[in-house]
Amino acid sequence: MMNLIDSHCHLDFDAFDEDREKILSECASSGIQQIIVPGVTVSQWPKLIKTCAQYPALRLALGLHPMFMAEHKPEHIDQLRTALIQNKAIAVGEIGLDFFIADADKNAQTELFKAQLKLAAEFNLPVILHVRKAHDEVLKLLREIKVSGGIVHAFNGSLQQAEHYQKLGFLFGAGGAITYPRANKLKSLFSQLPEKHIVLETDAPDMPLAGYQGQRNTPERLPMILSMLAELRQVSEQSLAAATTANCQRVFHLS
28 MMNLIDSHCH LDFDAFDEDR EKILSECASS GIQQIIVPGV TVSQWPKLIK TCAQYPALRL
88 ALGLHPMFMA EHKPEHIDQL RTALIQNKAI AVGEIGLDFF IADADKNAQT ELFKAQLKLA
148 AEFNLPVILH VRKAHDEVLK LLREIKVSGG IVHAFNGSLQ QAEHYQKLGF LFGAGGAITY
208 PRANKLKSLF SQLPEKHIVL ETDAPDMPLA GYQGQRNTPE RLPMILSMLA ELRQVSEQSL
268 AAATTANCQR VFHLS
């Protein structure tokens with residue numbers, strides 16, 4: 028059986044309260060050994076931490092997501108430091124810049140992101156990045172504040188931007204978006220990225236795969252993403268599974 032890692036899945040969200048155990052059991056049966064669960068807001072952290080402690084397959088990341096600026100307060104950075112000290116987080120995330128949002132407060136997002144990058148550097152943890160319409164700005168900050176690499180979740184930038192991220196120790200999350208017939212630019216991108224810089228992700232319950240629009244996404248669909256990516260790259264599913272899992276283990280220091 029293949030050994031897979033879902034590098035980005037919000038399994039702590041309420042959408043999974045009814046059948047979390049069943050989903051994890053089915054994931055185990057299909058070779059999904061580990062699932063990385065990123066944080067989004069302080070109010071969600073207690074449930075996130077408890078959920079990750081309850082199930083051995085789950086790995087905890089803690090962070091303040093840029094899409095929830097209205098919920099974040101300045102003191103949350105100190106709370107993040109405390110949470111990182113008290114819990115076995117494998118990364119700081121989901122953090123970043125989202126300038127795609129209408130009326131995005133770019134300054135507030137940037138200050139929050141910088142503060143979290145500094146914590147990641149202090150704790151020597153990789154980061155899980157959420158970036159929309161802001162890759163150049165994020166790269167500039169990553170050059171200023173050196174962190175130990177990480178993952179650019181749902182990457183859809185240019186090959187040139189990808190090269191800059193690679194030099195800084197970053198990998199790229201391939202998710203449900205590559206399963207859509209019209210995602211030609213993204214497919215071209217993921218057919219060209221170096222294998223050692225790719226990881227798999229579902230972003231469940233969001234980012235449904237083609238054919239599942241309007242439905243809750245689940246981590247059990249990770250093998251479908253693997254299959255599409257292997258076809259794109261003209262490699263075997265087995266070799267790509269082994270490579271993406273090794274990449275994830277390397278960046279997050281997982282055994």
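Numbering (this note's numbering), first residue to last: 28 to 282. Backbone N, C-alpha and C fix where the C-beta goes; we use that ideal spot for every residue, glycine too.
On the DSSP bridge assignment, give the partners of His-157 in chain order. On the sequence shown, residue 157 is found 130 positions in, with the first residue counted as 1. Paired residue(s): Gly-123 and His-180.
For Leu-198, which beta-bridge partners are listed by DSSP? As a working note, residue 198 is residue 171 in the sequence shown. For Leu-198, which the question treats as bridged, DSSP gives the partners Ile-178.
For Ile-59, which option in Thr-206, Leu-256, Gly-196 and Met-251 has the closest C-alpha, if you only look at C-alpha atoms? Taking the first residue of the sequence shown as 1, we reach residue 59 at position 32. The shortest Cα separation from Ile-59 among Thr-206, Leu-256, Gly-196 and Met-251 belongs to Met-251.
Determine the closest residue to Leu-74 out of Gly-120, Val-174, Gly-184 and His-37, with distance taken between C-alpha atoms. Looking up residue 74 in the sequence shown gives position 47. Checking the displayed sequence, the identity of residue 74 turns out to be Lys instead of Leu. Selection Gly-120, Val-174, Gly-184 and His-37 evaluated against Lys-74 yields His-37 as nearest (Cα-Cα).
In chain order, what residues of the same chain lie with their CB nearer than 8 Å to the CB of Pro-232, ignoring the 5 residues before and after it? Taking the first residue of the sequence shown as 1, we reach residue 232 at position 205. Taken in chain order, the residues that qualify are His-37, Phe-40, Ala-42, Phe-43, Arg-243, Asn-244 and Thr-245.
Is it buried or exposed, Ile-63, if we count other Cβ atoms within 10 angstroms and call 16 or more buried? Indexing the sequence shown from 1 puts residue 63 at position 36. With 16 or more other Cβ atoms within 10 Å, it is buried.
Measure the CB-CB distance between Ile-32 and Thr-272 and report whether it falls below 8 Å. For the purposes of this step, residue 32 is identified with residue 5 of the sequence shown, where counting begins at 1. For the purposes of this step, residue 272 is identified with residue 245 of the sequence shown, where counting begins at 1. Between Ile-32 and Thr-272, the C-beta spacing is below 8 Å.
Taking Cβ positions, are Val-69 and Pro-153 nearer each other than 8 Å? Mapped onto the sequence shown, residue 69 falls at position 42. Mapped onto the sequence shown, residue 153 falls at position 126. In this structure, Pro-153 does not lie closer than 8 Å to Val-69 by Cβ.
Gly-203 classed as buried or exposed, judged by whether at least 16 other C-beta atoms fall within 10 angstroms: Residue numbering aside, residue 203 sits at position 176 when the sequence shown is read from its first letter. So Gly-203 ends up on the buried side.
In terms of residue numbering, what span does the beta strand (DSSP E) encompassing Gln-81 cover? Along the sequence shown, read from residue 1 onward, the residue named residue 81 stands at position 54. Taken as a continuous stretch (DSSP letters only), Gln-81 belongs to no beta strand (DSSP E), being part of the alpha helix (DSSP H) at 72-81.
Helix, strand or coil at Val-262 [DSSP, three-state]: Within the sequence shown, the letter at position 235 stands for residue 262. Note: Val-262 maps to coil in three-state DSSP.
Assuming Ser-218 and Arg-260 make a contact with CB atoms under 8 Å, what is their CB distance in whole Å? The residue labelled residue 218 in the question sits at position 191 within the sequence shown. The residue labelled residue 260 in the question sits at position 233 within the sequence shown. About 6 Å separates the two Cβ atoms, so the contact holds.
Where Ala-97 and Val-262 are concerned, what is the direct C-alpha to C-alpha distance, given to the nearest angstrom? Counting from 1 along the sequence shown, the entry for residue 97 is found at position 70. Counting from 1 along the sequence shown, the entry for residue 262 is found at position 235. Each residue's CA atom was taken as its position, placing Ala-97 and Val-262 some 44 Å apart.
Same chain, Cβ closer than 8 Å to Ala-84, five either side skipped, listed in chain order: Residue numbering aside, residue 84 sits at position 57 when the sequence shown is read from its first letter. Around Ala-84, the same chain offers Leu-51, Cys-54, Ala-55, Ile-59, Gln-60, Gln-61 and Ile-62 as residues with beta carbons nearer than 8 Å, after the five sequence neighbours per side are excluded.
Alpha helix (DSSP H) runs wholly inside the region 88-140, at least 4 long, in chain order: Fully enclosed alpha helix (DSSP H) runs of no fewer than 4 residues occupy 103-113 of the region 88-140, in order along the chain.
Less than 8 Å separating the beta-carbons of Gln-136 and Pro-93? The residue you call residue 136 lines up with position 109 of the sequence shown. The residue you call residue 93 lines up with position 66 of the sequence shown. Cβ atoms of Gln-136 and Pro-93: closer than 8 Å.
DSSP-derived helix/strand/coil call for Ile-50: Counting from one through the sequence shown, the residue named residue 50 turns up at place 23. Helix at Ile-50.
Cα-Cα separation, Val-174 to Ile-104: As a first step, residue 174 is located in the sequence shown; it is residue number 147 there, counting from the start. As a first step, residue 104 is located in the sequence shown; it is residue number 77 there, counting from the start. Distance between the alpha carbons of Val-174 and Ile-104 is about 17 Å.
In or out: Thr-78 buried (at least 16 other Cβ within 10 Å) or exposed? Start at 1 with the first residue of the sequence shown, and residue 78 comes out as number 51. Its Cβ being crowded by 16 or more others within 10 Å, Thr-78 is buried.
Based on the DSSP output, what are the partners of Asp-33 in its beta bridges? Locating residue 33 in the sequence shown gives position 6, where the first residue counts as 1. Partner(s): Ile-62.
Using DSSP bridges, identify the partner residues of Ile-225. By 1-based counting over the sequence shown, the position of residue 225 is 198. DSSP lists Phe-199 as partners of Ile-225.
Is the beta carbon of His-35 closer than 8 Å to that of Gly-200? By 1-based counting over the sequence shown, the position of residue 200 is 173. By 1-based counting over the sequence shown, the position of residue 35 is 8. A Cβ-Cβ contact shorter than 8 Å links Gly-200 with His-35.
What number of angstroms, rounded off, separates the C-alpha of Ile-155 from the C-alpha of Asn-211? Translated into the one-based positions of the sequence shown, residue 155 becomes position 128. Translated into the one-based positions of the sequence shown, residue 211 becomes position 184. Computed Cα separation, rounded: 25 Å.
Can you have a look at Gln-240 and say buried or exposed, based on whether 16 or more other CB atoms are within 10 angstroms of its CB? Here residue 240 corresponds to residue number 213 of the sequence shown, with the count starting at 1. Result: exposed.
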